[in-house]
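Trainee: Dropping the structure in here first, questions after.
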Amino acid sequence: MDRPDRPLHRRGARPVGDLVAGLLDPVLAKKAGMTSGLIAAWPELVGPRLDGVTRPEKLVWPPRRGGDDPFEPATLVVACEGASVLRLQHGTSELLSRVNGFFGYGAVARIKIVQRAVSAPRPNRKPVLRQLRPEEEAGIAEMTSRIEDPKLRDALTAFARSMTSRRDVTKG
Numbered sequence: 001m002d003r004p005d006r007p008l009h010r011r012g013a014r015p016v017g018d019l020v021a022g023l024l025d026p027v028l029a030k031k032a033g034m035t036s037g038l039i040a041a042w043p044e045l046v047g048p049r050l051d052g053v054t055r056p057e058k059l060v061w062p063p064r065r066g067g068d069d070p071f072e073p074a075t076l077v078v079a080c081e082g083a084s085v086l087r088l089q090h091g092t093s094e095l096l097s098r099v100n101g102f103f104g105y106g107a108v109a110r111i112k113i114v115q116r117a118v119s120a121p122r123p124n125r126k127p128v129l130r131q132l133r134p135e136e137e138a139g140i141a142e143m144t145s146r147i148e149d150p151k152l153r154d155a156l157t158a159f160a161r162s163m164t165s166r167r168d169v170t171k172g
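Written as structure tokens, this is what we have:
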């Protein structure tokens, strides 16, 4: 039986990124006038030379006086580290066209550059894991062989492999 009054729901798991973007977009729109899509696409929009030294801060929309006022584009506030301000100023027109291309319409009329430190992205702190030697694999298999529950055995085997592969080769 078809029910046109009920919305269709997608079954199954949804990516966490979709859920987080759905939660953050209204907050970003209210506080900064931006979307998470612009923040995520920023490295592609500015290019590799300005990626680590700039970040979009907010979109400032002009106040609307009434419902019939014509659309006025926003000002994009961009934080930039001191040494790269000149490079950003020279590329402002190209950045404007890229940002407007991202939105699909002339959403931004000008870019305001604010000079401040831009926090660097956190380095990847995930340890580099080495290959296990055959005797280490055999030792782990022997230690976990007496565990009856297969899920617990697999989890403990993976944990032991991870911990053993983190050990320095010189420490033995």
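Heads up: the sequence shown at position 64 corresponds to 64 in the numbering used here, and the numbers run straight through without jumps. All residues carry an ideal CB built from backbone N, CA and C; glycine is no exception. Small disclaimer: the values here were computed from a predicted structure and weren't measured.
In the DSSP assignment, what are the bridge partners of V77?
Mentor: V77 pairs with K58 and K112.
Trainee: Can you list, in chain order, the residues of its chain with a C-beta nearer than 7 Å to that of L132? Leave out the 5 residues immediately preceding and following it.
Mentor: R161, T164 and S165
Trainee: In terms of alpha-carbon separation, which member of P15, L38, F159 and R153 lies closest to L95?
Mentor: Out of P15, L38, F159 and R153, L38 has the C-alpha closest to the C-alpha of L95.
Trainee: Alpha carbon to alpha carbon, how far is P127 from R167?
Mentor: 10 Å
Trainee: Could you spell out where the alpha helix (DSSP H) holding V99 opens and where it closes?
Mentor: T92 to F103
Trainee: Pairs of beta-carbons, one from the stretch 79-89 and one from the stretch 37-57, closer than 8 Å: are there three or more?
Mentor: Short answer: they touch.
Trainee: Can you tell me whether T170 is helix, strand or coil according to DSSP?
Mentor: Because the pLDDT of T170 is 49, which lies under 50, any placement of that residue in the model is unreliable, and the number read from its coordinates should be weighed accordingly. Here T170 sits in coil by DSSP.
Trainee: Quick one: using the 10 Å Cβ neighbour count with 16 as the cut-off for buried, is A74 buried or exposed?
Mentor: buried
Trainee: Just tell me which of E57, E137, G91 and W61 has its CA closest to the CA of R106.
Mentor: Rather than Arg, the amino acid found at residue 106 in this sequence is Gly. Nearest option by C-alpha distance: W61.
Trainee: Thinking just about the alpha-carbon of each residue, which of V99, G82 and S93 is nearest to the one in A117?
Mentor: Ranking the options by Cα distance to A117, first place goes to G82.
Trainee: Contact check, V114 vs V77 under 8 Å by CB: the rounded distance?
Mentor: 6 Å
Trainee: Please classify G47: does DSSP put it in a helix, a strand, or coil?
Mentor: coil
Trainee: Go ahead and label E57 buried or exposed: buried means 16 or more other beta carbons lie within 10 angstroms of its beta carbon, across all protein chains shown.
Mentor: Counting the other CB atoms within 10 Å of its CB gives E57 a total of 16 or more, which places it among the buried residues.
Trainee: Can you give me the Cβ contacts of P43 inside the same chain, cut-off strictly under 7 Å, excluding the 5 residues immediately before and after it?
Mentor: D51
Trainee: When you compare each of T144, D149 and A13 to T157 by their alpha carbons, which one comes out closest?
Mentor: T144
Trainee: Under 6 Å Cβ to Cβ from R130, same chain only, skipping five residues before and after it: list those, please.
Mentor: S165
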